[in-house]
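In the working numbering, the protein residues as written are 725 to 1075. Where is the CB? At the ideal position from N, CA and C, for every residue including glycine. Since this is a predicted model, take the numbers as computed values, not measurements.
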Amino acid sequence: MTTTKINWTTEKIEALVRPNLLSLKAYSSARAEFKGRADVLLDANESPWPTGRNRYPDPSSTELRLALGKLKNFNPDQIVFGNGSDELVDQITRIFCKENDAVHALPPTFGMYKVAAGIAGAEFRDTNLTPEFTIPVDELKATWDDRSKILWLCSPNNPSGNAMDPAVLEDLIHTFPGIVVLDEAYIDFVPELSFLGRLDEFPNLIITQTLSKGWGMAGIRCGAAFASPFIIRMLNTIKMPYNINVLTTGVALDALGKKEEMQAKVDTLISERKRLEAELAKLDCVDYIFPSVTNFLLVRFKDSSTVYQNLLDNAIVVRNQAYQPNAENCLRITAGLAEENDRLLAALKAL
C-alpha cells in the first residue's frame, strides 16, 4: 500500500461512497418545499396551538449552523448536526462502508467506531496506540489496503487524554486511501490544536465536535460534523429529517451565545485537573498519571480493582479502563467540582 500524498478530488471522494447512495434522493419534509413568507401553516398536519413545541423543527438546523459557524469562523453550509456525535459516527460509516470494507482505529479509543463498523458489516482493524498512547505510524500504515475506507483519529484521545502530534495527523490525512475522521470531542480544552481552520486543505477529512464536553451539555445530545460540500451533501442525504429537535436547538443556541461563561468553566476544569494530578501524584496507591490536555486523567494504580471497588463503596464512580490495550490497572477520572474532587482524594487517601 502506497503511503505517498494523495491528490484528492471530488470524483475520488465520490468513488468511496456506497454506489446506491450517490443517486439517493433525500427525504423532503413539508417545511423544506417552499421559500418565502408563511403566515398560515397548514402543510404538515401539526397541532395549531402555539406551545413553542407544536411545529416541526427546521430540518436543516439553519439558525444553529449560522450560530456555530460564526463562533468557529467556519462556513455554516459545511456543517451538519447529529443527535450526539454517536449519530454522526453511524452516518459517516453508513455512507462510506458496505460489507467487507475496512475501518481503522487506534485503541484505546472511543468504542462507537467499532460498533458502527459492526452494524455496517465492515471489518474493524485496530492498531493499538503505543504504551505512551502515541500513534505507531508504520504499523498503522501496514494495515491499509484497497478495502480501507475510514480511519478514525481521536485527538485529544479518549481515554488517554493526550493530544496526538499534529504533524503525524497531517501525514495520515494526506496518505490514507480513504476518509479520515478527526474526532475533536475534547478540543474545547485545547482549541489551538484544532484542525478546523485547515479543513479546506484536506478534502478527505471530516472533523467532529460536540457540545457534550467543554460546553457542558451532554444531556441535549448535539454533535457537529465539518466537511467538504460534497461530504456534507451526503450526510444531509441520509440523515433523519428532524434529528435536532426544537428543545435541543433552543438550549444549544442559548449556550453558544455564552462563550465567555463556557470558557470560564473550561478554565476551572483545567485548573481542577491540574490540582487532581498534583494530589494524586502524592498517593502511594498511584503508579503513574498519564499526561492530559482534557477534563480527565488516566491514572495507573498499583491495584486498580481494589481502588475501583473502594470508590464504589464510597459512592464515587470513575471509569474502569483496565481492559483496554496498554491501560492495565488504569482508571479514568473526570475532573469534577472542587468538592467532588476533594471527596475523591479523601477516599483514596483513606486506602
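Residue interval of the beta strand (DSSP E) (run including Arg-1056): 1054–1058
Could you check the C-alpha separation between Ser-752 and Gly-806 for me, to the nearest Å? 18 angstroms
When the Cα atoms are used, what is the spatial distance from Val-1010 to Ala-887? 23 angstroms
According to the Cβ coordinates, are Arg-818 and Tyr-780 closer than 8 angstroms? no
Supposed contact pair Leu-920 and Leu-877 - C-beta distance, whole angstroms, cut 8 angstroms: About 14 angstroms separates the two Cβ atoms, so there is no contact after all.
Contact between the segment 889–898 and the segment 827–840: three or more CB pairs below 8 angstroms? no
Quick check on this structure: which residue in Glu-1064, Gly-845, Thr-1018, Ile-911 has the alpha carbon closest to the alpha carbon of Ala-1039? Glu-1064
Could you tell me the distance, in whole angstroms, from the CA atom of Ala-948 to the CA atom of Phe-798? 12 angstroms
Straight-line gap, Asn-967 to Leu-1055 (C-alpha atoms, nearest Å): 34 angstroms
Just reading off the beta strand (DSSP E) that Leu-875 is part of, what are its end residues? 872–878
Comparing C-alpha positions only, which one of Phe-1025, Val-813, Gln-1045 sits nearest to Met-836? Val-813
Backbone secondary structure at Thr-851 - three-state DSSP: coil
Give me the DSSP bridge partner(s) of Ile-803. Phe-950
With a threshold of 8 angstroms, are at least 3 pairs of Cβ atoms found where one atom belongs to the segment 866–876 and the other to the segment 897–906? yes
Could you check what DSSP says for Tyr-1012 in three-state terms: helix, strand or coil? strand
CA nearest to the CA of Asn-1034, picked from Gly-793, Leu-1072, Leu-746: Leu-1072
Alpha helix (DSSP H) segment containing Phe-820, residue limits: 809–820
Is Asp-825 closer than 8 angstroms to Ala-840 when the C-beta atoms are compared? no
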